[in-house]
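Numbering (the numbering used here), first residue to last: 63 to 687. Idealized CB from N, CA, C, for every residue including glycine. Because the structure is a prediction, the values reported are computed rather than measured. This report concerns only the one structure given below.
Structure, rendered in structure tokens:
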């Protein structure tokens, strides 16, 4: 059945192309790049939208939007459009009623432009035509270029092939932030702070991030030669690196907050997220974890199956996880929890914010609806739509919304998108700094149709994300110095310089004991004076005439005393970066959370509320396990 559904659209597409070809199209196309691909791609997109989109689609609107996109960015402004196949001003004169008619009209427009303006970039024109097909669909149905498609695929596959370093550009030089654990660079001795000066005997100065990635990534087993400049070494050190599979981890941090509280932070749901999560849980349980904080802040989602597996870890057998409903019955599904897992019934909190979307909302929604954990933070993004990705003939792809998902209580968390894609994307900014009033306003305005009940009878709301059980306002601590520091990567420059001089001292004093480092490490006054000099060197100045921090061109002017006032913020970030250099990426969050994470600190005070929720559920749910 699945094979049939896969083949049918493509057979139709190929048939249409064949018909068009034998109708005399080829001679006109012969001088144009990839014309067959353009037409096939156009047909594929229309077919997938018409066959799979969650709502009924008007083929006439779809075609007319595509033609508007096709002509919008033409370079030839002298080309007459009126009365031609490119005319978008006289749409009222006709209606497109089926795919064959839409393809036929697009073919004529394509041929006309190819003939009249042979210098037009027909690749770009076709891509714009496709993008505009999505103009009146939901914001999550999109076109993805081939290059972006490859990058996104790597992220969600959980791996790429390369040399295995995290890098940054510091003073026009590729600088290794950290070699990735288990990667080929680490295995041959490349270190944090190493500067990659040459790549395959070519000078690699003033490269962009994209150029670096292009040079250093490559097929598994292939070789790349680099010349490394290292602290206290006068000459370049040559390395030959054999590229390999490099895992991309989605669990940013996993550690014990105290002797019984575990903490796991997940940045997205990729193909390997559940396995990473289970590994983290196993490790934390071995350290005595009996209660967990799951941090899904700024987790924009990903693979639904990974979210369901993680939610399943906290739900008793046969508890409902999720249901999906689309225009096509094949997209209608129900998901329930499997066998009881070891953490069922244990104290649980989930932290979310306005950046928590889609799969993150599936997890937090299931936990909230069943009253099995406390949701803390700020109202989540509000994405309750499920997409399926379809590959196109040239390696690009489209994502098409195929269904809506509903939490166990029956709520759709999708927020409105009728005001356009820009308003949809930036709406969350308006509520970011007023979490409490936002929630109150949302509840007051919510019609009865958006009110739902949890297992224990608590009221929860659909139509705009997950409202936390306990709201914590965003920490509004701001630093002008921090902005300059991060923009010019002075944090990295200072950290690498500091480690060049102090790495042995840190290793000796803390002996790989991160907890001791977190509790005891402090910068000296001299250290921060050196950092202040670095700021000044890069455009920072304090004076009596400046009333508030002001950015002019590439310099920051601030009132006298600003550095001393904001010093603790800079110290916190720099300490986090040093921890990352010594103990790896996860340690960054441990130090950062110690200094800055007010929401996490507030959450640690709420275990009494978690216990109250458990008692409430016991009282109101007769079949609680």
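query: Cβ neighbour criterion (16 or more within 10 Å) applied to residue 469; result: buried
query: Nearest neighbour of residue 120, chosen from 134, 138, 542, 160 [CA to CA]; result: 160
query: Option nearest residue 503 by Cα separation, candidates 376, 510, 493; result: 493
query: Nonlocal neighbours in the same chain, by C-beta distance under 6 Å from residue 541, ignoring five residues either side; result: 628, 631
query: Cβ pair count under 8 Å reaching 3, the stretch 249-262 against the stretch 648-666; result: no
query: Any 3 or more C-beta pairs closer than 8 Å across the stretch 292-302 and the stretch 333-350; result: no
query: Presumed contact (8 Å Cβ cut-off) between residue 290 and residue 252, rounded CB distance; result: 7 Å
query: Exposure label - residue 89; buried when at least 16 CB within 10 Å; result: Because residue 89 sits at a pLDDT of 37, beneath the cut-off of 50, its placement in the model cannot be relied upon, and the following sentence gives the value as read from the coordinates. With fewer than 16 Cβ atoms within 10 Å of its Cβ, residue 89 is classed as exposed.
query: Where the beta strand (DSSP E) through residue 603 begins and ends; result: 602-605
query: Same chain, Cβ closer than 7 Å to residue 535, neighbours up to 5 away in sequence not counted; result: 497, 498
query: Alpha helix (DSSP H) segment containing residue 657, residue limits; result: 647-658
query: Cα-Cα separation between residue 247 and residue 241, rounded to whole angstroms; result: 6 Å
query: Three-pair Cβ contact test at 8 Å for the stretch 136-147 versus the stretch 213-230; result: no
query: Sequence-distant residues of its chain with Cβ nearer than 7 Å to residue 608 (five each side left out); result: 619, 620, 621
query: Where residue 315 falls: helix, strand or coil (DSSP); result: strand
query: Segment contact, 8 Å Cβ cut-off, at least three pairs: the stretch 362-372 with the stretch 418-429; result: yes
query: Cross-strand partners of residue 620 (DSSP beta bridge); result: 604
query: Sequence-distant residues of the same chain with beta carbon closer than 7 Å to residue 399, five excluded per side; result: 374, 377, 378, 379, 380, 381, 383
query: Residue 435 classed as buried or exposed, judged by whether at least 16 other C-beta atoms fall within 10 angstroms; result: buried
query: Beta-carbon proximity list for residue 306, same chain, < 6 Å, skipping 5 on both sides; result: 246, 282
query: Residue 594, DSSP secondary structure in three states; result: helix
query: Where residue 523 falls: helix, strand or coil (DSSP); result: strand
query: Simplified DSSP state of residue 459, which is helix, strand or coil; result: strand
query: Neighbour-count burial assignment, residue 443, 16 or more Cβ in a 10 Å radius; result: buried
query: One or two residues paired with residue 386 in a DSSP bridge; result: 395, 467
query: Outcome for residue 296 when other beta-carbon atoms lying within 10 angstroms are tallied against a minimum of 16; result: exposed
query: Pick from 101, 98, 110 that is closest to residue 450, judged by C-alpha positions; result: 110
query: Residue range of the alpha helix (DSSP H) that includes residue 368; result: 366-374
query: Range of the contiguous beta strand (DSSP E) that encloses residue 493; result: Premise fails: residue 493 lies in the alpha helix (DSSP H), 483-494, not in any beta strand (DSSP E).
query: DSSP beta-bridge partners of residue 218; result: For residue 218, which the question treats as bridged, DSSP gives no partner whatsoever.
query: Straight-line gap, residue 91 to residue 461 (C-alpha atoms, nearest Å); result: With a pLDDT of 40 at residue 91, under the threshold of 50, the predicted position of this residue should be treated as unreliable, though the coordinate-derived value follows. Roughly 29 Å between the two C-alpha positions.
query: Backbone CA spacing between residue 658 and residue 562 [nearest angstrom]; result: 26 Å
query: Local conformation of residue 340 per DSSP, three classes; result: helix
query: Among 128, 597, 555, 276, the one whose alpha carbon lies nearest that of residue 199; result: 128
query: Residue 672 and residue 518 closer than 8 Å at C-beta; result: no
query: Local Cβ density within 10 Å of residue 545, reported as buried at 16 or more and exposed below that; result: exposed
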